[in-house]
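Engineer: The structure is given below, and queries will be raised subsequently.
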Amino acid sequence: MIFGFDYDDVRYFRMARTVFGRATYWTGMYLVDGLLVDSGPPNLARDVRRLVSELAVRQCVTTHHHEDHSGNHGLLAGELRITPLAHPSGVARLAREDTHPQLYRRIAWGARPPAATAPLGERLETTRFRFQVVHTPGHATDHVALFEPERAWLFSGDLYLAPKLRYLRADEDVYAMMDSLRRVLALEPRVLFCQHRGRVEQGAARLRDKLDFLVDLGGRIHELHGRGWSDAAIARALPGSDLLWRLWTGGDFSKRNFVRAFLRTTSAR
Ligand SMILES: [Zn+2]
Ligand SMILES: [Zn+2]
221 MIFGFDYDDV
231 RYFRMARTVF
241 GRATYWTGMY
251 LVDGLLVDSG
261 PPNLARDVRR
271 LVSELAVRQC
281 VTTHHHEDHS
291 GNHGLLAGEL
301 RITPLAHPSG
311 VARLAREDTH
321 PQLYRRIAWG
331 ARPPAATAPL
341 GERLETTRFR
351 FQVVHTPGHA
361 TDHVALFEPE
371 RAWLFSGDLY
381 LAPKLRYLRA
391 DEDVYAMMDS
401 LRRVLALEPR
411 VLFCQHRGRV
421 EQGAARLRDK
431 LDFLVDLGGR
441 IHELHGRGWS
451 DAAIARALPG
461 SDLLWRLWTG
471 GDFSKRNFVR
481 AFLRTTSAR
């Protein structure tokens, strides 16, 4: 299912695969002045095909290679003769098949077909807007956010998601994520467009909340580690429960990953 939202010059399409009428995992894409930001998960290809045939899409940009964001790039190339853009570090990866996506990813989003993309530069222009491309690794190494200085819009991909994360993916780099949050905060965005949440009110304050939360969490993990606690004991002491996510993702999303991520790079910093 796909729902459309209009935020003046920006349209948001919130989408999810449904199982017995219930959404499995919401994600989304934006359309701003002919620029499509991400292309949705591969298992919604039929809906996305119908949708883009009704929209005046002239360009597409990838916030990162995850299949819920890049799953219909090949379709865009075929239907609309568009080569989506991606951060240079993501181009080769997007051109390859994702060989072993975990079961939860195949259920929620489907397997991403390989797609040709062209490398993004530092700027991206539409007829009416000029976007600054900001490399924001952490959630994924090829992650980018788009900043439009006149409007102070920030299209944040998966950099924001929530002010307080309850779990981390096994492949996320929490220090890079914090640096990326600092980088976008320095731009002083006013309006935040999150790929999974839509427009977020008081975007800069929410991004700051997320950064503060991660700084506090890292401090707590280091403190407990310094007292000789095991990784498992530290993870149990962190706020909230990750049990359902851990079970659903086979451990790919967990609080334990926070502990590993914060302690992993201690010696390197
Ligand atoms: Zn992602
Ligand atoms: Zn995502």
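In the working numbering, each residue carries its 1-based index in the sequence shown increased by 220.
We put the beta carbon where it would ideally sit given N, CA and C, even for glycine.
Keep in mind that this is a model prediction, so the values were computed, not measured.
Under a Cβ-count criterion, where at least 16 other Cβ atoms within 10 Å of its own Cβ denotes burial, should G260 be classed as buried or exposed?
Structural biologist: Per the 10 Å Cβ criterion, buried.
Engineer: Nearest-angstrom Cα distance between H320 and L434?
Structural biologist: Cα to Cα, the separation comes out at about 30 Å.
Engineer: Pick from L467, A457, F413 and G438: whose alpha carbon is nearest that of R231?
Structural biologist: Measuring from the Cα of R231, the nearest candidate turns out to be F413.
Engineer: Compute the minimum distance between the beta carbon of D318 and the heavy atoms of ligand 1, and state whether it is under 7 Å.
Structural biologist: No, the beta carbon of D318 sits no closer than 7 Å to any heavy atom of ligand 1.
Engineer: Please work out which residues of its chain come closer than 6 Å, Cβ to Cβ, to R348, disregarding the five sequence neighbours upstream and downstream, and give them in chain order.
Structural biologist: So the qualifying residues of the chain are D253.
Engineer: Rounded to whole angstroms, how far is the Cβ of W468 from the Cβ of P409, which I believe are closer than 8 Å?
Structural biologist: That belief does not hold up - the Cβ atoms of W468 and P409 are roughly 32 Å apart, past 8 Å.
Engineer: Between the C-alpha atoms of R489 and V277, what's the straight-line distance to the nearest angstrom?
Structural biologist: Interpretation of R489 is limited by its pLDDT of 44, a score under 50 that renders its predicted location unreliable; no figure is taken from the coordinates.
Engineer: Can you tell me whether A360 is buried or exposed? The criterion is at least 16 other CB atoms within 10 Å of its CB, across all chains shown.
Structural biologist: Its Cβ being crowded by 16 or more others within 10 Å, A360 is buried.
Engineer: Which residues have their C-beta within less than 6 Å of a heavy atom of ligand 2, listed in chain order?
Structural biologist: The answer, residue by residue, is T247, H286, D288, H289, D378, Q415 and H416.
Engineer: Work out the CA separation of H285 and L314 for me, nearest whole Å.
Structural biologist: Distance between the alpha carbons of L314 and H285: 6 Å.
Engineer: Under 7 Å from any heavy atom of ligand 1, does the C-beta of A360 make it?
Structural biologist: Checking the Cβ of A360 against ligand 1 gives yes.
Engineer: Can you tell me where the beta strand (DSSP E) holding L255 begins and where it ends?
Structural biologist: Its beta strand (DSSP E) spans residues L255 to V257.
Engineer: Please specify which runs of the alpha helix (DSSP H), each continuous and at least 4 residues long, are wholly inside the stretch 257–288, giving them in chain order.
Structural biologist: Correct list: 265–274.
Engineer: Which residue wins for smallest C-alpha separation from Y380, given the options D432, G341, R343 and E342?
Structural biologist: Measuring from the Cα of Y380, the nearest candidate turns out to be D432.
Engineer: Confirm, please, whether the CB-CB distance from L463 to K430 is below 8 Å.
Structural biologist: The answer is no: Cβ separation not under 8 Å.
Engineer: In chain order, what residues of the same chain have a beta carbon less than 7 Å from the beta carbon of R403, not counting five sequence neighbours either side?
Structural biologist: Hits under 7 Å: V354 and T356.
Engineer: For L388, does the three-state DSSP call read helix, strand or coil?
Structural biologist: L388: strand per DSSP, three-state reduction.
Engineer: Identify whether M249 lies in helix, strand or coil by the three-state DSSP scheme.
Structural biologist: Strand.
Engineer: Around the Cβ of R350, are there at least 16 other Cβ atoms within 10 angstroms (buried) or fewer (exposed)?
Structural biologist: Exposed, since its Cβ has fewer than 16 Cβ neighbours within 10 Å.
Engineer: Taking Y227 as part of the alpha helix (DSSP H), name the residues at either end of that continuous run.
Structural biologist: No alpha helix (DSSP H) holds Y227; the beta strand (DSSP E) holding it covers I222 to Y227.
Engineer: Going by beta carbon distance, what residues of the same chain come within less than 6 Å of N477, once the five residues before and after it are set aside?
Structural biologist: For N477, where only same-chain residues beyond five positions count, the Cβ hits under 6 Å are L388 and A390.
Engineer: If P333 and V311 are in contact, beta carbons under 8 Å, what's the gap, nearest whole angstrom?
Structural biologist: P333 to V311, Cβ: 15 Å. No contact.
Engineer: The alpha helix (DSSP H) that contains H355, what's its start and end?
Structural biologist: Taken as a continuous stretch (DSSP letters only), H355 belongs to no alpha helix (DSSP H), being part of the beta strand (DSSP E) at R350 to H355.
Engineer: Helix, strand or coil: how does DSSP classify E408 here?
Structural biologist: Three-state DSSP puts E408 in coil, outside helix and strand.
Engineer: May I have the straight-line CA-CA distance separating D229 from V272, to the nearest angstrom?
Structural biologist: Approximately 17 Å between the Cα atoms of the pair.
Engineer: To the nearest angstrom, how far is the alpha carbon of E342 from that of A365?
Structural biologist: Distance between the alpha carbons of E342 and A365 is about 11 Å.
Engineer: Between V479, L427 and A424, which has its C-alpha nearest W449's C-alpha?
Structural biologist: Out of V479, L427 and A424, V479 has the C-alpha closest to the C-alpha of W449.
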